[in-house]
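Residue numbers (the working numbering), protein chains in the order written: chain F, 1 to 419; chain B, 1001 to 1419.
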């Protein structure tokens, strides 16, 4: 894509109402737009990141047997009354509105009731289970405060998968698989080395739930990390008994701030009982399905990557989720430079390499370098009079201080062999 | 995909509360689920269709210079007050809700205000225009009645593009291009032969707006079609003067029911003036941007395809948007059949052909045929004792009465050469 045609522009100033680093860089880079506190729109560069995260998650969900759907945002009061989660006294983050005939409806803040109602009509026999269903969806939560940029939104884009198993054993097998799937996802988006499977408080059916916590000073949680075996304990269950039951030693655990980038939770049979999702087992008994839930917020994940991988000049995107692979800068207005930059751009495009060319005229080299650092595309390739004199293109990683001259054919080889 | 693992099942009965053909077939086929009147969730088969429609539209929007973003559903009252479209007396389809501090917010029912506010911060000079920005989004409209299945929803998934041009001339050039783009889209999704560019009432800046109307008895509009030059006039502007100005003869126009599957509209400069989207032209004057809007409802498009292309046995999907290309039926429980069906399935998968295999056991051939007709996948391939005896697979189109035996290599050739 040509940067001269991209409708967003970088900003030098940090918006005065933003206190989080993720919002600062994402707004300055033109990745997101703040509609109101906790509500952001994704601009073209930001949407490219979100789509890549979405595709990584979708691939993993499909690989584990997930079936994707797209459930509605508007929610039926009657369904949520059955699980006692309609009343604002029970759930205090509802956004509610009304149909013309005064019927109250709600905006989706979670998906269990939705999914269970949909599946109910298709489940009769034990042969119909297990079912793993998921969707990507805009979720609305009426949070009192929202100051963490895209890390805690009133409106946010998430993936939720629910597992409907025949019994606890079948559930546990899938739950263990999902732990691995989630680890894969966080590795793929580039924060695996900072993300820990974390024991948190459970519910009626399980002693613990499991969070995936990424270490960052911007985190809202306190966790105690055991580096030896790459797990952590959330402060909420950080007790001697718990530490011992996990075979850990208290003095080896290190306190960190963490942000919950995903969670997996054993819900058990309550929801199935309330919403009448029973099946007939092989002995003819009516049995409620055993449910688990598995969530990831995509905006939060994107925000977390910015928090943990940026430097003081700007963002640093991992190649897997970067909006483009290469940022090609055309420096100077000489005809030789313009022609060569265009040539390199077209050769990269023809090789299916995702490239953003900074072809803006009247912008100094210094400004182009600063913008490139802010946008954080993994590789920077510079065409200038100097690079032409040296018969090549100056290539450097966003994380490197100095670049080196490579020939066009070397550049193309490097990036086509990476695909 | 294996049908035995698909969590949806077909239904024989039509839901008693649905009067439209699209909802009947889509619900019976397991493509959609009704949450409440006018609010549907898309189940795996339905979502596959929606995603294909989305990709066709995205490709066309990108080709015409569109830049995709993802705007928020929650809307800021202050922005809409500036264009005098917040008050329920002005716009009577708002869904509204409140933050904890009692601030009123709205749910997106259209996107002009949103887009204009976002772009405002990036537009200063004439060099920054034109901009073509679009998004796919769940839109909420508080309709009094909603009985047309997915053709008129209270919640629906749409694509909206807005063009921000320097002046009316630049706008008109783009507007004409978009007419062709829209025609391409309707051709690609398989309803081009029934869809007419239709003159409808305009606004302050243009005599007409343009709708794309597809002829169907399920339509909500009355249109007058000129077959000779493939255009139509909406009843709302069907007057002698209009007919004459378009060079048409009244007695050659044929009355039809139509459904509006898309519209393109010249908005002019009003919104830019209200929301302060001015730029400095090459003479130093402050000028408001000239705006156009271009919408398509994806669910409505899907519903329209069902209305116009189905028969009494079920749906008939065009290949471009079908959930799968081939429905492979495994008939009978003999080992030879099961092995051969599995073999054909795996060969098709290995060739990247989208195939749904009906591998359900204990289901009669008659039921499998009926389900296949209902689901409407373009090609049906049958493996049975008879087909094995004839050394092949019985292949037929959904629209054909009789199939013919083809060898596995012929089948693979046929579908791999189609990609």
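Glycine included, every Cβ here is placed at the ideal spot set by N, Cα and C.
Can you give the beta carbon distance from residue i to residue j, rounded, assuming they're within the 8 Å contact cut?
| i | j | result |
| --- | --- | --- |
| residue 1228/B | residue 1252/B | 7 Å |
| residue 1037/B | residue 1146/B | 5 Å |
| residue 1056/B | residue 1188/B | 5 Å |
| residue 1262/B | residue 1221/B | With a Cβ gap of about 13 Å, residue 1262/B and residue 1221/B do not count as contacting. |
| residue 373/F | residue 325/F | That pair is no contact at about 16 Å. |
| residue 366/F | residue 398/F | Their Cβ separation, rounded to whole angstroms, is 17 Å, which puts residue 366/F and residue 398/F out of contact at 8 Å. |
| residue 1151/B | residue 1300/B | 5 Å |
| residue 129/F | residue 279/F | 6 Å |
| residue 395/F | residue 404/F | 6 Å |
| residue 110/F | residue 1072/B | That pair is no contact at about 19 Å. |
| residue 39/F | residue 143/F | About 11 Å separates the two Cβ atoms, so there is no contact after all. |
Please classify residue i as buried or exposed, where buried requires at least 16 neighbouring CB atoms within 10 angstroms.
| i | result |
| --- | --- |
| residue 44/F | buried |
| residue 203/F | exposed |
| residue 362/F | exposed |
| residue 1349/B | exposed |
| residue 1101/B | exposed |
| residue 84/F | exposed |
| residue 454/F | No information on residue 454/F is available, as it lies outside the stretch 1 to 419 that chain F covers here. |
| residue 416/F | exposed |
| residue 323/F | buried |
| residue 78/F | exposed |
| residue 272/F | buried |
| residue 89/F | exposed |
Might you give, ordered along the chain, the residues of its own chain that have their beta carbon closer than 8 Å to the beta carbon of residue i, omitting 5 neighbours on each side?
| i | result |
| --- | --- |
| residue 308/F | 191, 194, 214, 215 and 216 |
| residue 281/F | 126, 166 and 287 |
| residue 1066/B | 1132, 1133, 1134 and 1161 |
| residue 1063/B | 1181 |
| residue 1210/B | 1179, 1197, 1198, 1199, 1200, 1263, 1264 and 1265 |
| residue 1012/B | 1028 |
| residue 1075/B | 1105, 1106, 1107, 1108, 1113 and 1114 |
| residue 1320/B | 1052, 1056, 1188, 1189 and 1190 |
Near residue i, what residues of its chain come up, given a Cβ to Cβ distance below 6 Å and the 5 sequence neighbours on each side ignored?
| i | result |
| --- | --- |
| residue 1290/B | 1165, 1167, 1168, 1171 and 1269 |
| residue 1021/B | 1307 |
| residue 226/F | 248 and 253 |
| residue 1080/B | 1086 and 1113 |
Would you say residue i faces chain F, with C-beta separation under 8 Å as the test?
| i | result |
| --- | --- |
| residue 1260/B | no |
| residue 1295/B | no |
| residue 1433/B | Here chain B comprises residues numbered 1001 to 1419, so residue 1433/B is not present and cannot be evaluated. |
| residue 1012/B | no |
| residue 1277/B | no |
| residue 1047/B | yes |
| residue 1142/B | yes |
| residue 1138/B | yes |
| residue 1099/B | yes |
| residue 1419/B | Only weak support exists for where residue 1419/B lies, its pLDDT of 47 falling under 50; the coordinates are left without a value. |
| residue 1415/B | no |
| residue 1061/B | no |
Give every residue of the same chain whose Cβ lies closer than 7 Å to the Cβ of residue i, excluding the five residues on either side of it in the sequence, and list them in chain order.
| i | result |
| --- | --- |
| residue 1338/B | 1330 |
| residue 1003/B | 1356, 1357, 1358, 1359 and 1360 |
| residue 234/F | 198, 199, 200, 211, 221 and 223 |
| residue 1054/B | 1136 and 1298 |
Does residue i come within less than 8 Å of chain B when only Cβ atoms are used?
| i | result |
| --- | --- |
| residue 288/F | no |
| residue 421/F | Nothing about residue 421/F can be reported from this structure: the residues present for chain F run from 1 to 419 only. |
| residue 18/F | no |
| residue 170/F | no |
| residue 315/F | no |
| residue 126/F | no |
| residue 8/F | yes |
| residue 396/F | no |
Under 8 Å, Cβ to Cβ, is there at least one residue of chain D near residue i?
| i | result |
| --- | --- |
| residue 1069/B | As a matter of chain content, chain D is missing from the structure shown, whose protein chains are F and B. |
Is residue i near the ligand COA, with its Cβ less than 7 Å from a heavy atom?
| i | result |
| --- | --- |
| residue 1166/B | This structure lacks the ligand COA, and indeed carries no ligand of any kind. |
Within the region 1310 to 1336 of chain B, ranges of the beta strand (DSSP E) (whole runs, at least 3 residues): Counting only runs of 3 or more, we get 1326 to 1330.
- prompt: Could you give the uninterrupted runs of the beta strand (DSSP E) lying entirely in the region 1173 to 1219 of chain B, keeping only those of 3 residues or more?
  reply: 1195 to 1203 and 1206 to 1215
Please go through the region 1015 to 1055 of chain B and give each complete beta strand (DSSP E) segment of 3 or more residues, from N-terminal end onward. Counting only runs of 3 or more, we get 1032 to 1036 and 1039 to 1042.
query: What are the uninterrupted segments assigned as alpha helix (DSSP H) that are 4 or more residues long and contained completely in the region 82 to 136 of chain F, given in chain order?
result: 112 to 120
Along the chain, which unbroken stretches of the alpha helix (DSSP H) at least 4 residues long are found entirely within the region 1355 to 1390 of chain B?
Segments of the alpha helix (DSSP H) lying fully in the region 1355 to 1390 of chain B: 1365 to 1375 and 1385 to 1389.
Whole runs of the alpha helix (DSSP H) within the region 227 to 287 of chain F, excluding any shorter than 4 residues
240 to 245 and 270 to 274
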